[in-house]
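Colleague: Quick note, the sequences are listed as chains A and B, same order.
Following our numbering, the numbering of the first sequence begins with 124 at its first residue and continues without gaps.
Following our numbering, the numbering of the second sequence begins with 124 at its first residue and continues without gaps.
Virtual Cβ for every residue (Gly too), placed ideally from N, Cα, C.
Note that this is a predicted model, so its numbers are computed, not measured.
Number of protein chains: 2
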Amino acid sequence: MMEDSNLLENLNLHVSVDCVVFGFEFGKLNVLLIERNMQFEGKEYHDLKLPGDLVRKDEDLDTAASRVLSELTGLDKIYLKQYAAIGSPGRLKRQARDMEWLRSIAHPEEIVVTVAYYSLINIDQDKAANFTLQENARWYKISDVQELAFDHISILQQALNTLRNDLKSRPIAYELLPPKFTLGQLQQLHEVILGSELDKRNFRKKVANMPYILPVNEKQVDVSHKPARFYSFHPRIYEKTNKISF
Amino acid sequence: MMEDSNLLENLNLHVSVDCVVFGFEFGKLNVLLIERNMQFEGKEYHDLKLPGDLVRKDEDLDTAASRVLSELTGLDKIYLKQYAAIGSPGRLKRQARDMEWLRSIAHPEEIVVTVAYYSLINIDQDKAANFTLQENARWYKISDVQELAFDHISILQQALNTLRNDLKSRPIAYELLPPKFTLGQLQQLHEVILGSELDKRNFRKKVANMPYILPVNEKQVDVSHKPARFYSFHPRIYEKTNKISF
């Protein structure tokens, strides 16, 4: 709220949402990006950006983010987590081609404050649910993404940091795994999201200290190696034991 | 970003920051609120709101929040944590008197997306640092705050939930305590912030499991009761032992 300023003409900002959609597959972590095709300095130019849109007056921020995601994927009920609002002046003006692109789509060139969301999709599960991407959208392996339009690379990096912290402090791993999983699968999931290899002995020692991960009386079948035992996640035990509370 | 819409006239939002400044004192948790004096339906009307302002084009969100706080308190280097962006249509229009007030200060009546920050001040320490409040600002005991302008009561409640979670997962308690503290002080701090009494035996059992809280070879002096031992917080041990990581 502003009490005593005549600077109103200086206060006309726009608000957008940007969505970092992580797609988990065994073996890799992907992110959903939009291909941007444009003329720049007389040549064809292609690059990538995060999916996003300006927020409309009749919708709240979460609704805008859900709309972007559902237009993009056809998926409706994906959990989106708001993790930051970013509004540095000049965030859209870092590169000449970004400014030219904004003009070409009649986008306001003023400051856009963006509210960033991330979500995590299990690509295999959602393929089964008839997941279809908009024409210009595609999955890219996280480690291959080097450059994005505007300040989107730093928005992506912030999302990745948030996801990695959340993986350590909330039970999101088990939403991505089948109900029965091996410790090898659990470790691989952590390695894929954290982006680094983990020591197997250490990993198993930590899992042994998690009372909410319990063995199932069942082993892998039809595998060429020694069959591994299955485990499952017990949300009620997690609720009881994992709360750090006084 | 918007690719293909002619809805620009429908996209003109404003952005504000709102600051929830918690003030910790032994025995209670306060929040800094602004008294709003207005005419409403022909009568004098007084109520309370959170400190905040519209974001200017030449500043980023964190800068705007710091500016609000420094204008309000004279304090410059207070840690502010961004915890939410809130933009429901109609959030400023819940009460007729709020609309009248916006008109009276020539505030845009359009949607304002607000970015919310919280900070935590030790009132006693900052008194020593020559803490002076703006005329219409005052500390209110959290438990006494029942109603605020606009949707500020829900912004305050969200800040309080974030603060309580942060107290459990980050070492903020020790920023509010003197370098040497008794376990009684540590328990009271938790009770004041969490808003509920804690069982002493249980509390001490949990503290005994925290390798980063160690006794100091020193006891209280000049107290009428049995002098309590002092403890201190060891950030380096905390860093090593408290990371939940694989």
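1) Taking just the CA atoms, how far does B:Val344 sit from B:Ile265?
2) Which residues of the stretch 209 to 221 of chain B have a Cβ closer than 8 Å to any Cβ of chain A? Give them in chain order.
3) What is the C-beta distance between A:Lys172 and A:His275, in whole angstroms, given that I count them as a contact (C-beta under 8 Å)?
4) Would A:Ser139 pass as a contact of A:Asp176 if the rule is Cβ separation under 8 Å?
5) Among the candidates B:Leu152, B:Val143, B:Gly213, B:Met222, whose CA atom is the shortest distance from the CA of B:Glu164?
6) Residues of chain A with CB under 9 Å from B:Ser242, in chain order?
7) Would you give the residue range spanned by the alpha helix (DSSP H) that A:His137 belongs to?
8) Out of A:Gln218, A:Arg220, A:Ala188, which one is the CA nearest neighbour of B:Ile209?
9) May I ask you to report which of helix, strand or coil DSSP gives A:Asp176?
10) According to a CB-to-CB cut-off of less than 7 Å, which residues of the stretch 137 to 166 of chain A neighbour chain B?
11) Please report the straight-line C-alpha distance between B:Tyr297 and B:Arg190, rounded to a whole angstrom.
12) Of the choices B:Gly318, B:Pro334, B:Gly307, whose alpha-carbon is the least far from that of B:Arg324?
13) Run through DSSP, which three-state label would B:Leu130 get?
14) Measuring only between beta-carbons, confirm whether A:Ala207 sits less than 8 Å from chain B.
15) Quick one: grab the DSSP three-state call for B:Ile244.
16) What ranges does the alpha helix (DSSP H) occupy inside the stretch 292 to 359 of chain A, keeping only unbroken runs of at least 4 residues that lie completely in it?
17) From the DSSP output, in three-state form, read off A:Tyr202 for me.
18) Assuming B:Ile278 and B:Val154 form a contact by the criterion Cβ under 8 Å, report the distance between their Cβ atoms to the nearest whole angstrom.
19) Would A:Glu270 count as contacting chain B if we go by Cβ distances under 8 Å?
20) Under 8 Å, Cβ to Cβ, is there at least one residue of chain B near A:Leu306?
21) Shortest alpha-carbon distance to B:Gly318 belongs to which of B:Asp185, B:His357, B:Leu152?
22) Chain A partners of B:Glu320, CB-CB under 7 Å?
23) Tell me, please, which residues DSSP counts as bridged to A:Met222.
24) Could you confirm whether any beta carbon from chain D is found closer than 8 Å to the beta carbon of A:Leu312?
25) What does DSSP give as the partner residue(s) for B:Tyr361 in the beta ladder?
Modeller: Answer, in terms of the structure:
1) The count along the second sequence starts at 1 and reaches residue 265 of chain B at position 142. The count along the second sequence starts at 1 and reaches residue 344 of chain B at position 221. Answer to the nearest angstrom: the Cα atoms are 32 Å apart.
2) Cβ contacts with chain A come from Ile209, Gly210, Ser211, Pro212.
3) The residue labelled residue 172 of chain A in the question sits at position 49 within the first sequence. The residue labelled residue 275 of chain A in the question sits at position 152 within the first sequence. Between A:Lys172 and A:His275 the beta-carbon gap is near 6 Å, inside 8 Å, which marks them as a contact.
4) Translated into the one-based positions of the first sequence, residue 139 of chain A becomes position 16. Translated into the one-based positions of the first sequence, residue 176 of chain A becomes position 53. Cβ distance < 8 Å, so A:Ser139 and A:Asp176 count as in contact.
5) If you number the second sequence from 1, residue 164 of chain B lands on position 41. Of B:Leu152, B:Val143, B:Gly213, B:Met222, the residue nearest in Cα terms is B:Met222.
6) In the second sequence, counting from the first residue as 1, residue 242 of chain B sits at position 119. The contacting residues do not exist; B:Ser242 stays about 16 Å from chain A at best.
7) Start at 1 with the first residue of the first sequence, and residue 137 of chain A comes out as number 14. Counting along the chain, A:His137 falls outside any alpha helix (DSSP H), though it belongs to the beta strand (DSSP E) covering 137 to 148.
8) As a position in the second sequence, residue 209 of chain B is number 86, starting the count at 1. Nearest of A:Gln218, A:Arg220, A:Ala188 to B:Ile209, Cα basis: A:Ala188.
9) Numbered from its first residue, the first sequence carries residue 176 of chain A at position 53. DSSP places A:Asp176 in the strand class (E or B) of the three-state scheme.
10) Residues are counted here when their Cβ sits less than 7 Å from a Cβ of chain B; for the stretch 137 to 166 of chain A these are His137, Val138, Ser139, given in chain order.
11) Locating residue 297 of chain B in the second sequence gives position 174, where the first residue counts as 1. Locating residue 190 of chain B in the second sequence gives position 67, where the first residue counts as 1. Pairing B:Tyr297 with B:Arg190, the inter-Cα distance amounts to about 26 Å.
12) Reading the second sequence from its first residue, position 201 is the one you call residue 324 of chain B. Ranking B:Gly318, B:Pro334, B:Gly307 by Cα distance to B:Arg324 puts B:Gly307 first.
13) If you number the second sequence from 1, residue 130 of chain B lands on position 7. Since pLDDT at B:Leu130 reaches only 42, below the 50 mark, its modelled position is unreliable, and the value read off the structure follows with that caveat. B:Leu130 falls in the coil class under three-state DSSP.
14) One-based indexing of the first sequence puts residue 207 of chain A at position 84. Look at A:Ala207: its C-beta is under 8 Å from a C-beta on chain B.
15) Along the second sequence, read from residue 1 onward, the residue named residue 244 of chain B stands at position 121. Strand, per DSSP.
16) You should have 296 to 299, 306 to 317, 323 to 331.
17) Taking the first residue of the first sequence as 1, we reach residue 202 of chain A at position 79. Looking at A:Tyr202 - three-state DSSP - the assignment turns out to be coil, as it is neither helix nor strand.
18) As a first step, residue 278 of chain B must be located in the second sequence, where it is residue number 155. As a first step, residue 154 of chain B must be located in the second sequence, where it is residue number 31. With a contact defined as Cβ atoms closer than 8 Å, B:Ile278 and B:Val154 miss out at about 11 Å.
19) The residue labelled residue 270 of chain A in the question sits at position 147 within the first sequence. Answer no: the Cβ-Cβ gap between A:Glu270 and chain B never drops below 8 Å.
20) Counting from 1 along the first sequence, the entry for residue 306 of chain A is found at position 183. Using beta-carbon distances, A:Leu306 does not count as an interface residue toward chain B, since no partner is under 8 Å.
21) Within the second sequence, residue 318 of chain B is the residue found at index 195, counting from 1. Distances from the alpha-carbon of B:Gly318 to those of B:Asp185, B:His357, B:Leu152 put B:Leu152 closest.
22) Your numbering for residue 320 of chain B matches position 197 in the second sequence. Near B:Glu320 there are no residues of chain A at all, since even the closest Cβ is about 10 Å away, more than 7 Å.
23) Stepping through the first sequence from its first residue, residue 222 of chain A is reached at position 99. As far as DSSP is concerned, A:Met222 takes part in no beta bridge.
24) Among the chains of the structure shown, chain D does not appear; the protein chains present are A and B.
25) If you number the second sequence from 1, residue 361 of chain B lands on position 238. Looking at the DSSP output, B:Tyr361 sits in no beta bridge, so it has no partner there.
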